[in-house]
Ligand SMILES: Cc1ncc(C[n+]2csc(CCOP(=O)(O)OP(=O)(O)O)c2C)c(N)n1
Ligand SMILES: Cc1ncc(C[n+]2csc(CCOP(=O)(O)OP(=O)(O)O)c2C)c(N)n1
Ligand code: SF4
Ligand code: SF4
Ligand SMILES: [Mg+2]
Ligand SMILES: [Mg+2]
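Chains as they are written, first to last, in the working numbering: chain A, 1 to 339; chain B, 340 to 678; chain C, 679 to 1304; chain D, 1305 to 1930.
Here's what the structure looks like:
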């Protein structure tokens, strides 16, 4: 498939006539707007895009996108999207899912999607809670969390979604926070351009059942100190005054103050999103506060052939050299005549 | 649960009267024998052990173990074992599974088992094929592999099981080859002693549908060159003459010749199985030939509380401070009297 | 503020006595409608009314305020007589905004009392509800007794000096409505006052605010000219004496499971994955750890049931609950429990289908799935709950049968039962029937013979439930066909035939223990109405009313669907017609026709709502022989 | 070696003509039994016999040699007349070892020919098969014509100078047996010789070895005194003229799917997860890439069906296949296809259940699961294959209906159909009925009206299948209840009721297109035998034989189970008794009783084996009115 030339589009072109039915104040609104802006910027019209989702608040996404849309069943969006993408490599496919949808019931399809590298952009709305079913803990909820289903605190150790993804052979891993439109735009643009499974973890606030889950990273006052925006080829610096860096000592990251202990920009870890070896991406996927700033942006972007391309190329290759003679197929090798 | 004192047992004590129904020459026989030896050595009698399996050739395992046994349905052994372990923390639980059983249909239960860290020892028989269904490729089969279901070669990129496990928060990762009884014994003993999910990948030969899948590591002539036995606290040396080492340069492993380029034992990476940071375990989980020797032994062994302990402790804690008055529970806060 | 003061303060307004009243509250999801309804219910029950409720949830968590999608409803039927349903239509409808009016108006009786929060009838809200003109003033509501109350403003007035934000003020207004209807129906405020006390113990300002607003609502009724009379629904006199409480179906289910586990001396293992409308069972059980309950929130429904099977193998009482889509997912594993003949209870809180369907609406379309939705010949026991309070006994019974027959039992509930509430006569815990798990727990019992994991109890056909961890009892089970007795793998042709028949016979054997089926009405006659599950109340009410009108009709409720009680065929044969009303496209009617080769007829309305007494009376009359 | 030479070589032994012969081969899984059987079948078909086969696999891959668990069987019925079944019992049984004798002896007729490989009757093998003494010499086989052949030794003798290992020699011995039975039944060796040529093209020594051994077997028959006569089964004369081939059910299913996709102009998307006995469909389809077939081996059955649904949304022909446990897993997703009204074909190759059950044995116990095994009211179309060759037409038909009605179609096959083979009259590819997917593929067709994804075709009630990627056709679908026409989410009560009815009506509408049901036998009479699926052949044969004996019996085969053809009720009503034989515990009989409130009776043997003509004749006679 050669990509069609981009056309001029507005975010509004991606809006539908459906009432948006998220709770007022939900982080999902900002994400929807970010995606609509990113698609407009990309310039691929809605009829060449399909949006697929499972079940959950986040999975309502397709109804609000003026593309082809499939709001399916809980956890199964990766499988449906895989079939769709194989059938229609001409469509760009975005998948919307929640931490429950993709990491609880849909965990298996999720890791197989990444392994196969089907060309699908995955938006995982991680609010660390089950929103739609009204507030049970999810596989990303903190240990000890009190929820409707864990009145005495959860005893489940959580997944780190990006680490699960890298363990499952992810080629592209991105991350942003719902309230951070700027980073969101960058990550979404990178994912749109990536050919293969582009996994994007979005820290999303569920203001009804898990309000403030990401405040320690999201609120303006701390964001610069508690997160680090990764940029390919750039040294890892952060802080409101960009006066802190992350360096690698062997396999361990270390935070340092620029200009202290004789350390400067030159000592900072230079982010290589295209590093074929996933070890550093794995490290970044797990890096988090309070010791470390949590990485945002594109953690990894390494190309390998997309599954849908491979499967269709194989069909094309065989078809090119073998005639498709239906009668011959029906006849088989040893037909005989009666009468 | 305090572990009961070990008793004197023989491997034969773990054999049953059932005919073993694997193909003659199958690698499963050696694994069965290794496990029976390891259990005898451990000294926990069969009635304090349960063996749980899914479906596949490997999953026939429970029938041949003189313990309590459950041969369940395809992919679901982790979930069944989890329920069993919560109910019966007094039993030691071994799970037998195949690359299809645990990484294809059972992938989700597998990663959640690891995340929760239920105290279960997982024996994954990786023969890179579906044995029981007669020879389709599996999620660990090589790219391009020709099988019954891929006459033109598979276009699926495989999982590395140990990397999936580390991505899913595995605390214990071990590995051995069916024909290597010595390493098998070591790894099994370490797993038996570990409290939590002990994941063991076993390279197993299916001589009927994927004969020789591990020959490049397994046959005597190459084993010492192509694999490396990890030992906690020891430098990583390998080769028939133990004249080669693996060192870490930043996050990248390198093979070197002892005594060449000024490198000696002191330069070798010293294996720390108990490293709390899983980055190096992830690296080891993915390290493989032809560039690198494939690691065998215990890749990682880091303790964290086991799920079954936590859940039962929480129940015990609440029970200790709240009386269990059934009548009061039935009454609820506002009963009233009629008549 | 002194609640007693309120209650004691004799009203100067006249009181009219009613036998029963149906009241419906409707408003935005954020308006606290469910809470308001529940508190009014508790107060009605406390004065001795019989009650029955029907919460009508929106599917959205909290759709934008003012939209039709966000309307939440709660209907309560309270009565001085024993009642069986939440009522067909409301005598009183309280609406908090135009969307609530638009969505729920059709439930209000002609000439019913309509109380509207006038402040919410802004042009923006009217537009969102699809009103071109204000219905409060354009005469379209003339068929009702309309009371317009400036609820928001009056709430604000009452709180003026407390320094609350306008959002906080808005959140109090449901207590104004509550105060008003408490006054209107002479409810004692003490329960509400106590709850406010507790709920806001740590927030004295909010405590004060809600108390004030509640009083303001009460006083408004008493002091303004708007309401001229109050209504009194006396305590019910035909209710069996005993200790009562109000209980929802989900809570009663949870209690039944805990009680059974206690009586059986088995820890309850509850594996579940959240799903509407079953999640609350998990929420309740997670709070009962002092009873040894282990709740396991699994990664999906398959893991939930599998973990319960594993726990059951480990001699705990394995239970799982879900709704229809979850049952579909569990079906393969239920087959494993059938093959391994382990005790297992599976609760299906049915909702509108197919697929995701109508998650917050009720339906009973999973019966055939419960009976047949598995590969191979895979019989399980199936029973159905008829009302919220009945859930306790059914859950208890399900556990008892599962444990004693070593068989999976599928317990059918539904959305209206799960969330509906009614008074429940609290059983005496000590007097609950015993459940003996009769574990095979020592090798001595084998008398030197080899262990036979598939030996049979001659009465129940149950195999032994073998205690794990006991020397000499090591054995192996699994999903491949078994030799009877030895439990070894068997591909033998004759054995398979025998085992298929045996697994069915085991379920059928349960019928021997069932009491004779009790028909309400004449022993024979023109028409028998047969129901299962939640239509019980409406159907029985309809039949009783028609009997009073002299019709030859009777009613039979089937608690057990698999096995069917032995006498059902005979009973059906004694009536000229058999009518089977269901909230599905005709499922029990198929089962009965197949079982008895009789031309039973069905009545169906599959609308996500309980069947009403009115429609059932009409249907019955239509089916009566000429 | 010259095959023609063999065939031409006139035998000096006399020949007896038989109308039909049933031969069964049995041996170790490693003995090449299935290959031997298939080659004999091909040779029989090639000389114009009608044939029908029944492979009887062990569940183990390759249980230890010599054990009962490892015995593999293959039965062939070849005839000079049109035959419908692989035969009840064998006229000839070839056993390669004692275990094969022990496991398959019961299939041999009294006085049947028993050919045994004497070399394998060692004391070790006898013990493994459970024989205390050697049955070849202790007289226990006196009721048969016993021929003991030193098969292993003779094979070794023939290969003496080739330098093969003893393992390689052992592997050739099936060709000795094949040569012998080819001689015995005057089969032409050319097909076998050609196959040996091809198979061992690159291994000339093995090619030579197998050719030699085959000839040795042939010569052994001709030259030793052991066999005194040969048998001749002439070409069948009552077979419709045409081009034929031998085909298994799984291969015919695969071909039907490919043919339908070609005729519909849609790429075939096949999502599947391996499972016995359905896997071969995947294996066949994976080889047909030149027809644009995409095979997707999914991570599990749920992903397989979901991917097919996704592909179907993307306008390919989405198909998935599995066996019973896989259907259980797919059931939630099938509901999604019902709700989204997308074309989808689901093949269920049934096997023994419940749970893992008897994976390699046949059964038809998934009918009720197919009809009802989903949450909510979730109707799909269901049809069943009656024999291996019939699979082509059924698969084709399933695709046609799925595409034209935008409905999931569940196609029931079973283990005996899947692995059984019979001659198939090859259709003319060009003359296959057209399938018009009638995609809505341009916004112009809307004439400026808004797109209505749930608009209805008045005839089929189908909604448009909308082409993705076309500007102006953007739309969204999903599993929540839909407003009719607009396809938007709807929680409306009346709409839900209407949609439940509509989804059923859509399936029911298929009945309008079905041809009148054809009864074999009298139009009315004493007894009608109704079957579905694979018992077709045995039931029809039994009925024909009883008709010949003057009984008033007829037979009706139901291809469509949902919807039932419109005339079935009438037809059933014209007979005094209706008997429904099934390899399950009575499923179609339940469906018919429910549908027609008629007292139909069932006959069941659930033994993992096809029903036999003999047992069905007995059952029919027993049910005949006195
Ligand atoms: C088979 C099935 N099981 C359970 C559910 C109930 N369910 C709907 S959404 C959901 C989880 C939602 O959590 P998440 O995926 O994190 O999405 P969020 O609502 O938080 O955006 C659950 C358990 C369902 N719809 N289907
Ligand atoms: C639900 C279900 N789907 C499919 C199957 C068929 N099946 C049985 S084992 C198996 C895979 C076996 O592969 P693996 O787990 O690698 O075990 P191995 O036989 O190689 O030891 C499959 C697909 C099944 N039994 N159940
Ligand atoms: S419940 Fe939470 S995640 Fe769902 S819409 Fe509301 S705020 Fe958003
Ligand atoms: S098929 Fe392969 S894995 Fe299975 S028993 Fe045989 S050799 Fe072992
Ligand atoms: Mg969430
Ligand atoms: Mg395998």
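All C-beta atoms, glycine included, are put in the ideal place defined by N, C-alpha and C.
Values in this document were obtained by computation on a predicted structure and should not be read as measured data.
Cβ shell of residue i (< 6 angstroms), same chain only, five flanking positions each side left out
i	result
residue 1923(D)	1907
residue 962(C)	929 and 932
residue 1312(D)	Caution is warranted here: a pLDDT of 46 is assigned to residue 1312(D), below 50, making its placement in the model unreliable, and no coordinate value can be reported.
residue 698(C)	757
residue 958(C)	928
residue 1516(D)	1462
residue 1450(D)	1418
residue 1575(D)	1600, 1602, 1608, 1611, 1612 and 1624
Inter-residue CB distance, residue i and residue j (contact presumed, cutoff 8 angstroms)
i	j	result
residue 443(B)	residue 1156(C)	Their Cβ separation, rounded to whole angstroms, is 20 angstroms, which puts residue 443(B) and residue 1156(C) out of contact at 8 angstroms.
residue 1562(D)	residue 329(A)	7 angstroms
residue 252(A)	residue 616(B)	7 angstroms
Residues that DSSP places opposite residue i in a beta bridge
i	result
residue 1354(D)	1383(D)
residue 245(A)	237(A) and 256(A)
residue 706(C)	749(C)
residue 1832(D)	1858(D) and 1882(D)
Neighbourhood of residue i by C-beta distance below 8 angstroms, restricted to the same chain and skipping five residues each side
i	result
residue 1143(C)	993, 1020, 1021, 1081, 1084, 1115, 1116, 1117 and 1118
Any non-hydrogen atom of ligand 8 within 6 angstroms of residue i CB
i	result
residue 1793(D)	No copy of ligand 8 appears in this structure; the ligands present are ligand 1, ligand 2, ligand 3, ligand 4, ligand 5 and ligand 6.
Contact set for residue i: own chain, Cβ-Cβ below 7 angstroms, skip 5 residues either direction
i	result
residue 1334(D)	1366 and 1369
residue 1075(C)	1061
residue 511(B)	530, 533, 535, 536, 537, 538, 639 and 640
residue 431(B)	383, 387 and 388
| task | Please determine if the stretch 857-871 of chain C and the stretch 719-732 of chain C are in contact, where contact requires at least 3 C-beta pairs separated by less than 8 angstroms. | result | Enough Cβ pairs lie closer than 8 angstroms, so yes.
| request: For the stretch 565-573 of chain B and the stretch 497-510 of chain B, state whether three or more C-beta atom pairs, one from each stretch, are separated by less than 8 angstroms. | output: no
| Can we say the stretch 415-430 of chain B touches the stretch 466-480 of chain B, given the rule of at least three CB pairs closer than 8 angstroms? | no
| Whole alpha helix (DSSP H) runs in the stretch 61-116 of chain A with 4 or more residues, listed along the chain? | 77-87 and 107-116
| Can you give, in chain order, each stretch of the beta strand (DSSP E) that sits fully within the stretch 1719-1777 of chain D and has at least 3 residues? | Fully enclosed beta strand (DSSP E) runs of 3 or longer: 1725-1729.
| message | Using a Cβ distance threshold of 8 angstroms, determine whether the stretch 1670-1686 of chain D contacts the stretch 1050-1067 of chain C, with at least three qualifying pairs required. | response | The stretch 1670-1686 of chain D, when compared against the stretch 1050-1067 of chain C, does touch it at the 8 angstroms Cβ threshold.
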